[in-house]
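Numbering (this note's numbering), first residue to last: -18 to 199.
Just so it is clear, CB atoms sit at the ideal spot from N, CA and C, and this is done for glycine as well.
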Amino acid sequence: MKKIISFVLCLVLGSFVLAGCSNSSEPFEEKSYTPDTQVHEINLDVQDREIEVSLSEDEQVHIQYSENSKEYYDISVSDENVLTMTSASDKDWTDYIGGKSSAEDRKISLQIPDALLGTLTLSTTNEDITLSALSVTGSINISSNGGNIAFESLDVGRALTLNVKNGDISGAIVGSYDDFAIQSEIKKGESNLPDKKDDGEKTLNVSCNNGDVNIEFV
């Protein structure tokens, strides 16, 4: 019995030591990125990061973020002028012990020009995605697994797709109800949208599992 108790105590003490090592990990450094060309499409696919989108004041794309050698991002612009930002990691198993980094270090601020992008795609896990009033000429695709999606007046040329799990969707879309063909699938939640509506020049696709949906047309 004494051997078992001693073993358990060693495990507990060891976990505290490892947690202490994790909390003293390398600090994050604030960085910014501005592409040197006009991009037509943006694709952010990250994990455990809050995404905040607002309008740019100089008609250029800007990204503010924080990273270190363990948690960082791959950012590139293709020959087709598509800007891609994805999460990258070089963690050891001991780096996962202990608390998360600060909320400020886990936030990405994206500034985009109004009505100049063709497509905007945003995806994250365990965090929220928020957008100010903005417009794109093509489509907006937003997905969050474990967070909320909230937006002000979004103006899309063709389509708006919203997917969330364990979170809510709320916001306003520019245009009338009759402008959109609607497809919605809601599980374990409430919604003010119909399951299906066929008529409309644009499309609105909404999927929500374990959350509520409240979308207005303005």
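- Going by C-alpha positions, aspartate 29 is about 32 Å away from valine 199.
- Between the alpha carbons of leucine 91 and glutamate 40 lies a distance of about 13 Å.
- Valine 145: member of the beta strand (DSSP E) spanning 140 to 146, first to last residue.
- With fewer than 16 other beta carbons inside 10 angstroms of its own, threonine 18 counts as exposed.
- Scanning Thr118, Ala140, Ile150 and Val145 for the CA closest to the CA of alanine 131 turns up Ile150.
- Between the C-alpha atoms of leucine 143 and tyrosine 14 there is a straight-line separation of about 26 Å.
- In the three-state reduction of the DSSP assignment, aspartate 55 falls in the strand class.
- Aspartate 193 sits in coil when the DSSP states are folded into three classes, being neither helix nor strand.
- Here serine 83 is exposed: its Cβ has fewer than 16 other Cβ atoms, across all protein chains shown, within 10 Å.
- By the criterion of a C-beta distance shorter than 8 Å, glutamate 61 is surrounded in its chain by His21 and Glu22, once the five residues flanking it on both sides are discounted.
- Cβ neighbours of glycine 128 within its own chain (closer than 7 Å, five residues either side excluded): Thr105, Asn107, Glu108, Asp109, Ile110 and Gly148.
- Annotated as proximal: valine 155 and serine 134, with beta-carbon spacing under 8 Å.
- Distances from the CA of lysine 51 to each of Ser68, Gln45, Ser57 and Val137 were compared; the closest alpha carbon is that of Ser68.
- Counting along the chain, the unbroken beta strand (DSSP E) around threonine 65 starts and ends at 63 to 70.
- The three-state reading of DSSP puts aspartate 160 in helix, counting H, G and I together.
- Between the C-alpha atoms of isoleucine 44 and glycine 152 there is a straight-line separation of about 23 Å.
- For alanine 153, the secondary structure class from DSSP, reduced to helix, strand or coil, is strand.
- If the five residues before and after leucine 98 are omitted, its C-beta is found closer than 8 Å to the C-beta atoms of Val20, His21, Glu22, Ile23, Val117, Thr118 and Gly119, all from its own chain and listed in chain order.
- In the three-state reduction of the DSSP assignment, serine 82 falls in the coil class.
- According to the DSSP assignment, leucine 36 belongs to the beta strand (DSSP E) that extends over 31 to 36.
- Just measuring C-alpha positions, the residue of Lys146, Asn126 and Ile163 sitting nearest alanine 140 is Ile163.
- For the pair aspartate 71 and leucine 101, the Cα-to-Cα distance works out to about 28 Å.
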